[in-house]
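Peer 1:
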Amino acid sequence: MTGTVAWWTATAGELPRDLDWLADDERARLAGLAVAKRRADFLLGRWIAKRAVAAQWPGAPPLPAIAIRAAADGAPEAFLAGAPLPLVLSISHSAGRALAAIAGSAPLGADLERIEPRSPLLVDDYFTADEAARVAACPPGDRDRAITAIWSAKESALKARRTGLREDPRRMRVALGRGAPHAAWHPLQVTVDGEPPLAGWWRDHDGYIISVVGALTDPPRR
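First residue of the sequence shown: 3, per my numbering; consecutive thereafter.
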């Protein structure tokens, strides 16, 4: 994929009280979720994903006509009136906020992570030696942000590769760049030995890190 990706975010407070925007199969999926957090994440993720799809599709179809279904590998796929849509979708949620990103073709992975203290085990278990050294070299006040940004880029890459945590995140080597001083988005690259690098973008957004990975030549747009 080349070009740009569209991105949307929403908070839990934006969810409508009723559920008439869900497709029938989404209602059935929701009914099978017993854990409150999983239900909340499912609803918020579907809400922002369907809004994002509707905004990109000609005529802005009604939300109940759009269904977001999980593929066999777990990746979300969009359908309109039962027919698959020719787009690639990635969804993420963290601490009451959700992200949806859409592109015209694969690969695409997007991730949203709240900047907060992280267990040292995350770095020990999932970061390369170079990434761990980069975190250790940060001033103490910047370490949580650095860890969150690197981890978010890895999560996006795993989604773009459609492997998730079935693949060892230490195979992903993250290089975070910096754009112009006042730029919202900054470039990133994720490398896996023997494969073409994945290019993407990352940014701070209201106390969260957002990363988008694929083969992106331009920053994401809204």
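Heads up, the beta-carbon is just placed ideally off N, CA and C, and yes, glycines get one too.
#1: Is it buried or exposed, SER92, if we count other Cβ atoms within 10 angstroms and call 16 or more buried?
#2: Are ILE104 and ILE211 closer than 8 Å when you measure CB to CB?
#3: Candidates LYS161, PHE81, ARG172, ARG205: which alpha carbon is nearest HIS184's?
#4: Using a Cβ-Cβ cut-off of 7 Å (strictly less than) and excluding sequence neighbours within five positions of GLY179, which residues of its own chain qualify?
#5: GLY216 and GLY111 look like a contact to me (Cβ under 8 Å); what is the Cβ gap, rounded to whole Å?
#6: Assign LYS39 to buried or exposed, taking buried as 16 or more other Cβ atoms, counted over all protein chains shown, within 10 Å of its Cβ.
#7: Hey, quick one: how far does the beta strand (DSSP E) through ARG175 stretch, first residue to last?
#8: Name the DSSP bridge partner or partners of PRO78?
#9: What distance in whole Å lies between the Cβ atoms of SER96 and LEU123, which are believed to be in contact at a cut-off of 8 Å?
#10: Between THR130 and the rest of its own chain, which residues show a CB-CB distance below 7 Å, the 5 nearest in sequence each way excluded?
#11: Give me, in chain order, the residues of the same chain whose beta-carbon lies closer than 8 Å to that of ARG136; leave out the 5 immediate sequence neighbours on both sides.
#12: Report buried or exposed for ALA69, applying the criterion of at least 16 other Cβ atoms within 10 angstroms of its Cβ.
#13: Should ARG19 go down as buried or exposed, given a rule of 16 or more other Cβ atoms within 10 Å for buried?
#14: In the DSSP output, what is THR13 paired with across the bridge?
#15: State buried or exposed for GLY15, treating a residue as buried only when at least 16 other CB atoms are found within 10 Å of its CB.
#16: Would you call the CB atoms of LEU160 and VAL7 closer than 8 Å?
Peer 2: Taking the geometry as given:
#1: The residue given as residue 92 occupies position 90 in the sequence shown. The residue in question, SER92, is buried, as its Cβ has 16 or more Cβ neighbours within 10 Å.
#2: Translated into positions along the sequence shown, residue 104 becomes position 102. Translated into positions along the sequence shown, residue 211 becomes position 209. Result no, Cβ atoms of ILE104 and ILE211 do not sit closer than 8 Å.
#3: The count along the sequence shown starts at 1 and reaches residue 184 at position 182. The shortest Cα separation from HIS184 among LYS161, PHE81, ARG172, ARG205 belongs to ARG205.
#4: Locating residue 179 in the sequence shown gives position 177, where the first residue counts as 1. So the qualifying residues of the chain are HIS188, PRO189, LEU190.
#5: As a first step, residue 216 is located in the sequence shown; it is residue number 214 there, counting from the start. As a first step, residue 111 is located in the sequence shown; it is residue number 109 there, counting from the start. Correct: roughly 7 Å between the Cβ atoms.
#6: If you number the sequence shown from 1, residue 39 lands on position 37. Classification of LYS39: exposed, given that the 10 Å Cβ count is below 16.
#7: The residue labelled residue 175 in the question sits at position 173 within the sequence shown. Looking at the DSSP string, the run of the beta strand (DSSP E) that includes ARG175 is 175-178.
#8: Along the sequence shown, one-based indexing puts residue 78 at 76. Paired residue(s): ALA72.
#9: Residue numbering aside, residue 123 sits at position 121 when the sequence shown is read from its first letter. Residue numbering aside, residue 96 sits at position 94 when the sequence shown is read from its first letter. Contact doesn't hold; Cβ gap of about 19 Å is too wide.
#10: Here the question's residue 130 lines up with position 128 in the sequence shown. For THR130, where only same-chain residues beyond five positions count, the Cβ hits under 7 Å are ARG172, ARG175.
#11: For the purposes of this step, residue 136 is taken as residue 134 along the sequence shown, with counting starting at 1. Excluding positions up to five away in sequence, the list reads ALA148, ILE152.
#12: Along the sequence shown, read from residue 1 onward, the residue named residue 69 stands at position 67. That one is buried.
#13: On the sequence shown, residue 19 is found 17 positions in, with the first residue counted as 1. ARG19 should be labelled exposed.
#14: Sequence index remark: in the sequence shown, residue 13 carries index 11 (1-based). ARG99, per the DSSP bridge assignment.
#15: As a working mapping, residue 15 is identified with position 13 in the sequence shown. So GLY15 ends up on the exposed side.
#16: Position 158 of the sequence shown, counting from 1, holds the residue named residue 160. Position 5 of the sequence shown, counting from 1, holds the residue named residue 7. No, the pair does not count as a contact, with Cβ atoms beyond the cut-off.
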